[in-house]
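Participant:
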Amino acid sequence: MATAVQAKQQPGILTMAAKRRQEAIAGLTFMLPAMIIFLIFLIIPIGAALYISFTDWNGISPVLEEGAYDYVGTANYSDLLRGYHVEDGREVSAAIRQRDFFIALKNTVYYVIGVVPVQTLIALVLAVIVNQRWLKAKGFFRTAFYFPSITSSVVISLIFMFMFSRGGLVNQAIGGVLAGYSDNYINWLDDPRGLVHLILEPLGVTRASAGSWAGNRTLGLTGWEWISGPSITLLTIMILNVWTTIGTMMIIFLAALQNIPGHVYEAAAIDGANAWNVFRKITVPLLRPTIFFVVTLGLIGTFQVFDQVYVISSGGPAKTTLTVAYMVFQNGFDRSAMGLASATALVLFVIIFTFSILQRVVVRERAD
Amino acid sequence: MRKHHVLTVVVLIVLVAMGASAALARQDTTLTLMGWSSSQAEDAALAEQIAAFEEANPGITVDVNLVPDYDTTLQTTFASGDPPDVFYIDSSKLADLVEAGVVDIGGDKIENPEGFYESLVNVFTYNGEFVCPPKDFSTLTLQYNKDMFDAAGLEYPTDDWTWDDLQAAAEALTGTNEAGQEVLGLILNPNLERWLPFLYQAGGSVLNEDWSEVTVDTEEAREALDFYTGLVQDGYAGTASAVDAGWAGEAFGMGRAAMIMEGNWVINTLLDQFPDINWGVVQLPGHPDGGEATMTFTVCYGVAADSESQEAAWTLVNYLTGEAGGQLVAEAGFGPMPPRTALADPWLAARGEEIGQPFVDAAETAYPWSFPVGFGDAIDTFNASIQLAFEGQATADDVIFEMGAAAEEVLAR
Amino acid sequence: MTSALDSQQVAGSGGRSIIRTAFAGLGWGVLIMFALIEILPFVFTVANSFKCLPAVQRFPAALIPSFSTSECVNEEGRPLPADEVANEVTFSPTLQGYDEIFDAQLPRWFFNTAFVAVIITVLRLAIDSLAGYALARIKFPGNRLFFFVILGTMMVPVIVLLIPRFIILKQFGILNTYQGLILPLAADAFGIFLMKQFFESVPGEIEEAAMVDGASRLTMFLRVILPMATPALTALAIFSFQGAWNDFLMPLIILSGNRELWTLPVGLAFLRGAYGETLRWHAFLAGSVLTTLPLALIFFYFQRYFVEGISYSGLKG
């Protein structure tokens, strides 16, 4: 009451309140279409996936009919992370599921660790060079680098399968340079040998000679399996990913570089700083937010790698390209375990989320 | 403007009503049939069957939808409650689909069941009930390139070949062709279903008869694994990708492999896409002690438990798998063999005995490709470890241990 | 640090220019190397898409087309061997691969993809810019919350959404329809984020001036703000079009039951399995060329706006 009276006396405040309400209505109206789409096709599905992850739904029985699934609590999560769950007081083993999950996680982490830094670094270096004042034909290089990024992942996968087949162009090219290689072509698309294993082998370290840790199992995998590194085939898909994305990353870096005012560099030139110092002391710090953005994009993209695996290797050879996203697909649509697949997908979400936050913190700390 | 809208709506309603009443009057039923395509010849034969069926059954039309990535597509249609009326079921998927309660159990609705091969009826019998009538079946045999055998001065393979003959021939035939490309003596897949014949020949098994126990950890299994992976380790055999092919049939057709062990589906590929290859067929080689075995792969026509036109659907399925309907497919003579004993001769006549007979004969020693619910996990585990064994990164003991543990776990679920 | 810099200064300008030239040479070398790595695969793809299949398999490196074209088969209709249609350097061009992919309904996929991509792009331009503007400029309850929800959804793996989305589309009765493919993608977090960043960089005085004239938010947005946003909108349009054109996972699940509605990536991926895993490279590569061509043309035409768009939209942070 009192406020209303006051408001009458002070027309300015009334307008403010009315204006605020108007703004609120305008804001919500503007948001409405987006929020409807997000609600129906993102929020509700995420809720549904969360719900399904606590059931044993096979993904086949009509989900909206009664009896299509049973509520199983955290059994799916327990299967994935602990390798068993308890049912009616009985311990039911799920060693395969745990093992598959950690194989997929291991592959995905190798993938992310391999791809994200490499693509960020290459993109940054290329952007810095393209941004140099002395460079002619900037447009050409920008186009050349960006072009693969616009191409469909399915198309890129097909092109890479073609290039990297055993008798294909890549092996022919290497054979042309490296004498003796032509008798021993690498079968890029179908070789489960791990990179680290391959490096250790000539050094005389094998599973048998490595000691007891190599045979001990942690989370379903032996020590020797954990340290395998990406397989040759996974490496091929990693190369594909780097090859595809450095263009996008470079363009983003380039845009940011062009926003650094010229006088900053001029000042540095007057101080006599050399190119490396300019790069390290001026360019990188000013680009920190962009680096954060690019790395986040990279993390989100690489953790979800699916299309390439689907087209090129279907998770093989020997599960070495089984990624977490592909495992979700496989369990959900091939193994009749949609509950488990949903649980896997949500664990993946938590991982991506954690990594994004983590790297944000790291970048922040570096900045301080 | 407004008036136009009203008019449009009225016209639409009238049209729809007219359509609906007309449909009701004739009691039109549209059935959907979902499957996959394995060759154009097969698609054409199916279309012919459907046309004949529609003519004989006025009022029923059949919508054929052949899709790739079949398992995924089929599953999503079930999950959302909108399944096709009739669909293919691979023998390895039967248990999963029946357990999910989405398949209408055929039982007495299946006409003339005694006309099918007994072994096929057994494959599609689950919990004592005949679920769905078989569509066709394929067996694994050995295909060989006659020109390569001639060039190497080797005798052609025979039905009496043993593992030793296979190994000797694969060794002799591995080398390079005129173009300087690598040629493998034999293509082997790192897959359970391709290794199983060797296991069965050696006298081993994966599970006991009633699928209650795991029986893979035996000397027989070790022997079969050592032989299978040994061929690859010694360099006389390899996967199709090693010779730039997508699968064994393609490697063979491209002249990059001298021998392959494929099923009936390879026939059309070789005849249509690689007509210049001069090839022959014999039974798979047997164990040196005389054990013979091969695999049979088969598909049935299932009817959806949720189908709204089950009666019509069963009429269709009975026609497609019956003698009259089957005759059309048999006479087309494409890859897989008809499921009824009475149709074997028309198929052979159309196919030609030289190519067809070994596939028919193989049925006598064939084991079905079917396993209990959820066994896909164990199969995957096996496939992954045998692939490592191909690369020399796992021993027979490793493979058998992993396989055994996975199978035990699946059975205990 | 300072002394190091000083000593370099002392080294004199003669040394500096040599270093600079060496640096430039190195820079050129790196750029040219990477440009080759990025572009050569496309060159080989185009060349091999015009070869007969045996020639693709045996002479993938041949880049120079000869003057005589080839039908790839002899009078009896049997495929010609590789060395009759190509050698290590040259090949007889053919349209065999293109014929095959056209028979496989590629024009239909092409239309579907273009249609869906255009509609999605238009919808996203409208919805994303409205939402981005609201988040950037309008104070309303839940502003921050909406922003974080939208940002958070960027981290949700698409694979999580597949089956629930499938069921929802089924409930709406729009499975296997264009709508079913379009609606879930009608707004996206990245686009909203991009537009928000851009609108935040627009000076506030412009709006205040319009406000004084008594314009409503919507009028102001349409008349004043949106016209200024052309660079950001162009960038958003290209990103959206490209994303929709290349999207694979959702169409894979939603459309696999209806061949008529397949998009190019789905069609191509399935084509790979359509011959029982046989690798019909000439057709795959022809399909790859045709799938990439429209995007390439759009990209070449718009690339200037596109790069501008990114820098204007404040992705710099």
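Chains as they are written, first to last, in the numbering used here: chain Y, 805 to 1172; chain U, 46 to 458; chain D, -5 to 311.
All residues carry an ideal CB built from backbone N, CA and C; glycine is no exception.
1) Taking the alpha-carbon of U/I155 as reference, which of U/F169, U/E144, U/S164, U/A145 has the nearest alpha-carbon?
2) U/I400 to U/A389, Cα distance in whole Å?
3) Do you know offhand how far Y/W1017's Cα is from Y/D994's?
4) With three or more beta-carbon pairs closer than 8 angstroms as the criterion, would you say the region 223 to 242 of chain D touches the region 240 to 260 of chain U?
5) Quick check on U/N110: does DSSP put it in helix, strand or coil?
6) Please report the residue range of the alpha helix (DSSP H) in which U/Y281 lies.
7) Taking C-beta pairs closer than 8 angstroms, name the residues in chain Y that D/K133 reaches, listed in chain order.
8) Is any beta-carbon of chain U found at less than 7 angstroms from that of Y/P866?
9) Between U/P242 and the rest of its own chain, which residues show a CB-CB distance below 6 angstroms, the 5 nearest in sequence each way excluded?
10) I'd like to know whether the C-beta of Y/F906 is nearer than 7 angstroms to at least one C-beta of chain D.
11) Could you tell me which residues DSSP puts in a beta bridge with U/M382?
12) Nearest to U/A217 by alpha carbon, out of U/A303, U/I232, U/A450, U/F297?
13) Expressed to the nearest angstrom, what Euclidean distance is found between the alpha-carbon atoms of Y/V1128 and U/A90?
14) Given a cut-off of 7 angstroms on the beta-carbon distance, is the pair U/A461 and U/D271 in contact?
15) Please list, in chain order, the chain U residues whose beta carbon lies closer than 7 angstroms to that of Y/K1123.
16) Is U/Q355 close to chain C, meaning its C-beta is less than 7 angstroms from at least one C-beta of that chain?
17) So within the region 842 to 928 of chain Y, which uninterrupted alpha helix (DSSP H) runs reach at least 4 residues, ignoring any that extend past its ends?
18) At what residue ranges does the region 1141 to 1169 of chain Y contain a whole run of the alpha helix (DSSP H), taking only runs of 4 or more?
19) Under a three-way DSSP split, which group does U/W206 fall into?
20) For D/R72, go through chain U and note every residue whose CB falls closer than 8 angstroms to its CB, in chain order.
21) So if I threshold CB-CB distances at 9 angstroms, which residues from the region 151 to 167 of chain D count as touching chain U?
22) Hey, U/E295 and D/L273 are a contact pair by Cβ (cut 8 angstroms); roughly how many whole angstroms apart?
23) Would you mind giving the Cβ-Cβ distance between U/A293 and U/I232, rounded to the nearest angstrom? I have them listed as a contact below 8 angstroms.
24) What's the C-alpha gap between D/I161 and U/S125?
25) Who are the near neighbours of D/W239 in its chain, counting only those whose CB is closer than 7 angstroms to its CB and skipping five residues on each side?
26) Which chain U residues sit within Cβ distance under 7 angstroms of D/Q51?
27) Of all Cβ atoms in chain U, is any one closer than 7 angstroms to the Cβ of D/F264?
28) Give the range of the alpha helix (DSSP H) segment to which Y/N1135 is assigned.
29) Flag U/E87 as yes if its beta-carbon sits less than 7 angstroms from any beta-carbon of chain D, otherwise no.
30) Counting along the chain, where does the alpha helix (DSSP H) carrying U/D135 start and finish?
31) Which of the residues in the region 953 to 971 of chain Y, read from start to end, lie with their CB under 7 angstroms from any CB of chain D?
32) Straight-line CA distance for U/S354 to U/A86?
33) Can you give the Cα-Cα distance for U/T366 and Y/N862, rounded to whole angstroms?
34) Taking 7 angstroms as the limit between beta carbons, can you name the residues of its chain near Y/T1094, skipping five residues before and five after?
35) Counting C-beta neighbours from all protein chains within 10 Å, is the total for U/T219 16 or more, i.e. buried, or is it exposed?
36) So which residues on chain Y does D/M149 lean against when the C-beta distance must stay under 7 angstroms?
Facilitator: Taking the structure as given:
1) When U/F169, U/E144, U/S164, U/A145 are compared, the shortest CA-CA separation from U/I155 is found for U/F169.
2) 13 angstroms
3) 28 angstroms
4) no
5) It is a strand residue.
6) It is not in any alpha helix (DSSP H) - U/Y281 carries neither H nor E in the DSSP assignment.
7) R824, E827, A828, G831
8) yes
9) L329, A338, T339, M340
10) no
11) U/F182
12) U/A303
13) Roughly 41 angstroms separates the two Cα atoms.
14) Nothing about residue 461 of chain U can be reported from this structure: the residues present for chain U run from 46 to 458 only.
15) A429
16) In summary, chain C is missing from the structure at hand, where the protein chains are Y, U and D.
17) 848 to 856, 879 to 886
18) none
19) coil
20) P320, D321
21) L156, I157, F160, I161, L163, K164, Q165
22) 7 angstroms
23) 4 angstroms
24) So the two alpha carbons sit approximately 5 angstroms from each other.
25) T107, A111, L289
26) D289, M299
27) Proximity of D/F264 to chain U, defined by a Cβ-Cβ separation below 7 angstroms, is satisfied.
28) It spans 1128 to 1137 - the alpha helix (DSSP H) in which Y/N1135 sits, taken as one unbroken run.
29) no
30) Unbroken run through U/D135 is the beta strand (DSSP E), 131 to 135; no alpha helix (DSSP H).
31) I954, T955, S956, S957, V958, V959, L962, I963, F966, M967
32) Answer to the nearest angstrom: the Cα atoms are 29 angstroms apart.
33) When only Cα atoms are considered, U/T366 and Y/N862 end up about 30 angstroms apart.
34) I1056, F1057, A1060
35) Label assigned to U/T219: buried.
36) I1104, F1153, I1156, F1157, S1160
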